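S.K.: Numbering (our numbering), first residue to last: 300 to 697.
Cβ atoms here follow ideal geometry from the backbone N, Cα and C, with glycine treated the same way.
Note that this is a predicted model, so its numbers are computed, not measured.
Questions regarding the structure given below will be posed in turn.
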């Protein structure tokens with residue numbers, strides 16, 4: 300344990316990222332920087348900042364930039380009022396603060412001057428680096444050669460270490476508890492809002508933290524509206540309820556989704572449920588070290604076609620997941636999906652949200668989180684996957 304870690308404990312907060320692993324991550328980033336001839340990098344996404352420093356707070360709505368030099372102490376440009384949080388969670392970094400009303404670009408430029416002249420990489424694809432701020436940083440740093448390097452830090456997060464895998468497992472346990480609560484609450488005459496309330500209670504009581512994305516809880520009448528969630532809608536007989544959620548433990552996620560029907564399922568649902576499960580099983584069978592994501596997608600599409608007699612095309616049948624801050628649990632702004640043209644090589648330690656979403660004969664969805672192992676994969680989330688029907692009263696989930 301380092302002096303920095305001891306200081307953090309004394310202040311009441313042990314950083315989620317252990318000191319030794321944090322140093323390994325910084326070293327790996329610097330090796331990648333060296334290969335590109337970079338004197339420093341500027342990272343803006345809260346996922347990148349957390350991965351390298353352990354900073355976990357809600358203050359990233361204001362510009363919060365991590366400068367990692369090729370050697371020396373990392374620098375975190377953040378509002379001055381965040382100094383207490385930074386001292387508690389990330390004492391190993393130097394804090395360059397700016398006051399409200401001051402331009403964070405000027406504070407960033409002051410930190411950059413110690414590395415100039417030189418080549419500096421920037422995580423330009425982050426949702427949290429406004430173009431206007433980046434332009435002002437450029438204007439205030441005339442002796443710098445700028446390089447786009449968004450994948451540099453993101454690539455370091457694709458394979459999870461053993462401690463990270465444990466956090467994902469814990470997140471999956473939270474997902475399981477929350478999903479079981481949702482399925483047990485849904486029934487004819489129940490308000491979507493009631494399902495959401497019971498789901499959140501179970502999520503928190505199981506040890507979950509605020510996830511990067513709100514649980515998506517909505518009637519199948521709105522299933523195609525893929526990123527909307529609960530309203531005051533009351534479920535009726537024969538209606539389905541879609542639930543997609545993820546537990547979150549120390550910012551790590553494990554998403555899953557299910558559909559439950561009230562009283563009875565519409566005609567064609569049984570075939571659609573079998574097809575969705577066949578697609579999920581096929582994707583699981585293909586998900587192993589050395590596989591290419593387009594082959595995993597192809598296995599899913601073929602299985603669904605065999606089950607339904609119709610070749611159905613989706614934009615993906617899953618994606619990488621892990622560290623996430625609102626509004627995302629995919630590890631940042633970019634979705635690295637399992638797509639028809641995907642070229643990502645599957646490696647042990649990757650974590651995927653496998654999603655089997657069929658549209659014919661009627662829409663149906665089932666999804667789970669899978670951890671890639673040395674020989675295949677391990678499914679981490681666990682709730683009933685078959686056709687789920689609540690017979691007018693809450694169903695029991697074993």
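(1) Quick one: what's residue 651 bridged to in DSSP?
(2) Would residue 331 and residue 428 be called neighbours here (beta carbons separated by less than 8 Å)?
(3) Buried or exposed: which applies to residue 475, given that a residue is buried once 16 or more other Cβ atoms fall within 10 Å of its Cβ?
(4) Just to confirm the assignment, what range does the alpha helix (DSSP H) spanning residue 630 have?
(5) At the level of alpha carbons, what is the spacing between residue 454 and residue 527?
(6) Could you tell me which whole beta strand (DSSP E) segments of length 3 or greater appear in the region 377 to 401?
(7) Determine the burial state of residue 608: buried for a count of at least 16 other Cβ atoms within 10 Å of its Cβ, exposed for fewer.
(8) Compare the C-alpha of residue 521 against each of 547, 419 and 491 and name the closest.
(9) Looking at C-alpha atoms only, which residue of 659, 398, 507 and 460 is the closest neighbour of residue 569?
(10) Taking 8 Å as the cut-off, does the region 574 to 586 touch the region 536 to 554 (at least 3 CB pairs, one atom from each stretch)?
(11) Kindly indicate the opening and closing residues of the alpha helix (DSSP H) around residue 419.
(12) Look at residue 439 and residue 405 and say whether their C-beta atoms are less than 8 Å apart.
(13) In the DSSP assignment, what are the bridge partners of residue 541?
(14) Less than 8 Å between the CB atoms is what I'm expecting for residue 599 and residue 511, so what's the real figure, rounded?
(15) When you compare each of 671, 677 and 663 to residue 687 by their alpha carbons, which one comes out closest?
(16) Among all the DSSP beta bridges, which residues are the ones paired with residue 553?
(17) What separation, rounded to the nearest whole angstrom, lies between the Cα atoms of residue 661 and residue 497?
(18) If you reduce the DSSP assignment to three classes, tell me which class residue 529 lands in.
(19) Could you have a look at residue 536 and say whether DSSP puts it in helix, strand or coil?
(20) What separation, rounded to the nearest whole angstrom, lies between the Cα atoms of residue 414 and residue 372?
(21) By a C-beta neighbour count over all protein chains shown, 10 Å radius and 16 as the cutoff for buried, is residue 456 buried or exposed?
(22) Assuming residue 514 contacts residue 547 (C-beta within less than 8 Å), just tell me the rounded distance between them.
(23) Give me the Cα-Cα distance between residue 506 and residue 430, rounded to the nearest whole angstrom.
(24) Tell me the residue span of the alpha helix (DSSP H) that contains residue 444.
(25) Apart from the five residues on each side of it in sequence, which residues of its chain come closer than 8 Å, Cβ to Cβ, to residue 350?
(26) Please report the straight-line C-alpha distance between residue 461 and residue 363, rounded to a whole angstrom.
(27) Please report how far the alpha carbon of residue 343 lies from the alpha carbon of residue 495, in whole angstroms.
(28) Could you check what DSSP says for residue 343 in three-state terms: helix, strand or coil?
(29) Would you mind stating whether residue 534 and residue 485 have Cβ atoms separated by less than 8 Å?
(30) To the nearest angstrom, how far is the alpha carbon of residue 449 from that of residue 644?
(31) Counting C-beta neighbours from all protein chains within 10 Å, is the total for residue 676 16 or more, i.e. buried, or is it exposed?
(32) Helix or strand or just coil, what does DSSP make of residue 465?
(33) By the 10 Å Cβ neighbour count, where 16 or more other Cβ atoms means buried, how is residue 380 classified, buried or exposed?
(34) So residue 567 and residue 536 are in contact, right, with Cβ under 8 Å, and what is the actual spacing, rounded?
(35) Looking at the structure shown, is residue 686 part of a helix, part of a strand, or coil, going by DSSP?
(36) Pick out whichever of 339, 358, 386 and 352 has its Cα sitting closest to the Cα of residue 366.
M.R.: Here's the rundown:
(1) Along the chain shown, read from residue 1 onward, the residue named residue 651 stands at position 352. Partner(s): 619 and 669.
(2) One-based indexing of the chain shown puts residue 331 at position 32. One-based indexing of the chain shown puts residue 428 at position 129. Cβ distance not < 8 Å, so residue 331 and residue 428 don't count as in contact.
(3) Counted from its first residue, the chain shown places residue 475 at position 176. By the 10 Å Cβ count, residue 475 comes out buried.
(4) Numbered from 1 along the chain shown, position 331 holds the residue referred to as residue 630. Careful: residue 630 lies outside any alpha helix (DSSP H) and carries neither H nor E.
(5) Translated into positions along the chain shown, residue 454 becomes position 155. Translated into positions along the chain shown, residue 527 becomes position 228. Distance between the alpha carbons of residue 454 and residue 527: 29 Å.
(6) 393 to 397
(7) Residue mapping note: residue 608 aligns to position 309 of the chain shown, counting from 1. With fewer than 16 other Cβ atoms within 10 Å, it is exposed.
(8) Residue mapping note: residue 521 aligns to position 222 of the chain shown, counting from 1. The residue with the shortest Cα to Cα distance from residue 521 is 491.
(9) Position 270 of the chain shown, counting from 1, holds the residue named residue 569. Ranking the options by Cα distance to residue 569, first place goes to 659.
(10) no
(11) Along the chain shown, read from residue 1 onward, the residue named residue 419 stands at position 120. No alpha helix (DSSP H) contains residue 419, which is instead part of the beta strand (DSSP E) from 417 to 421.
(12) As a first step, residue 439 must be located in the chain shown, where it is residue number 140. As a first step, residue 405 must be located in the chain shown, where it is residue number 106. Yes. Within cutoff.
(13) On the chain shown, residue 541 is found 242 positions in, with the first residue counted as 1. Answer is 517 and 558, bridged to residue 541.
(14) Sequence index remark: in the chain shown, residue 599 carries index 300 (1-based). Sequence index remark: in the chain shown, residue 511 carries index 212 (1-based). 25 Å between Cβ atoms; not a contact.
(15) For this step, residue 687 is matched to residue 388 along the chain shown. Nearest option by C-alpha distance: 663.
(16) In the chain shown, residue 553 corresponds to position 254, counting from 1. According to DSSP, residue 553 bridges with 546.
(17) Within the chain shown, the letter at position 362 stands for residue 661. Within the chain shown, the letter at position 198 stands for residue 497. Roughly 28 Å separates the two Cα atoms.
(18) Taking the first residue of the chain shown as 1, we reach residue 529 at position 230. Coil, per DSSP.
(19) Here the question's residue 536 lines up with position 237 in the chain shown. Coil at residue 536, not helix or strand.
(20) For the purposes of this step, residue 414 is taken as residue 115 along the chain shown, with counting starting at 1. For the purposes of this step, residue 372 is taken as residue 73 along the chain shown, with counting starting at 1. Distance between the alpha carbons of residue 414 and residue 372: 12 Å.
(21) Taking the first residue of the chain shown as 1, we reach residue 456 at position 157. Residue 456 is buried by the Cβ-count criterion.
(22) Position 215 of the chain shown holds residue 514. Position 248 of the chain shown holds residue 547. At roughly 11 Å, the Cβ-Cβ gap does not stay under 8 Å, so residue 514 and residue 547 are not in contact.
(23) As a position in the chain shown, residue 506 is number 207, starting the count at 1. As a position in the chain shown, residue 430 is number 131, starting the count at 1. So the alpha carbons of these two residues sit roughly 37 Å apart.
(24) By 1-based counting over the chain shown, the position of residue 444 is 145. Residue 444 -> not in any alpha helix (DSSP H); beta strand (DSSP E) instead, spanning 443 to 447.
(25) Numbered from 1 along the chain shown, position 51 holds the residue referred to as residue 350. Closer than 8 Å at Cβ, skipping near neighbours: 316, 324, 452, 455, 456 and 622.
(26) Here residue 461 refers to the residue found at position 162 of the chain shown. Here residue 363 refers to the residue found at position 64 of the chain shown. Their backbone Cα atoms lie some 28 Å apart in a straight line.
(27) Position 44 of the chain shown holds residue 343. Position 196 of the chain shown holds residue 495. Going from the Cα of residue 343 to the Cα of residue 495 covers about 32 Å.
(28) The count along the chain shown starts at 1 and reaches residue 343 at position 44. It is coil, neither helix nor strand.
(29) Reading the chain shown from its first residue, position 235 is the one you call residue 534. Reading the chain shown from its first residue, position 186 is the one you call residue 485. Yes; because the gap between Cβ atoms is below 8 Å, this pair is in contact.
(30) Taking the first residue of the chain shown as position 1, residue 449 is located at position 150. Taking the first residue of the chain shown as position 1, residue 644 is located at position 345. In a straight line, the C-alpha of residue 449 is about 19 Å away from that of residue 644.
(31) Within the chain shown, numbered from 1, the residue matching residue 676 stands at position 377. Counting Cβ neighbours within 10 Å, residue 676 comes out buried, since at least 16 surround it.
(32) Taking the first residue of the chain shown as position 1, residue 465 is located at position 166. Helix, per DSSP.
(33) Walking along the chain shown from the start, residue 380 turns up at place 81. Exposed, since its Cβ has fewer than 16 Cβ neighbours within 10 Å.
(34) Within the chain shown, the letter at position 268 stands for residue 567. Within the chain shown, the letter at position 237 stands for residue 536. Not quite, the Cβ-Cβ distance comes to about 17 Å (not below 8 Å), so this is no contact.
(35) As a position in the chain shown, residue 686 is number 387, starting the count at 1. Note: residue 686 maps to coil in three-state DSSP.
(36) Here residue 366 refers to the residue found at position 67 when the chain shown is read from its first residue. Among 339, 358, 386 and 352, the Cα nearest to that of residue 366 is on 339.
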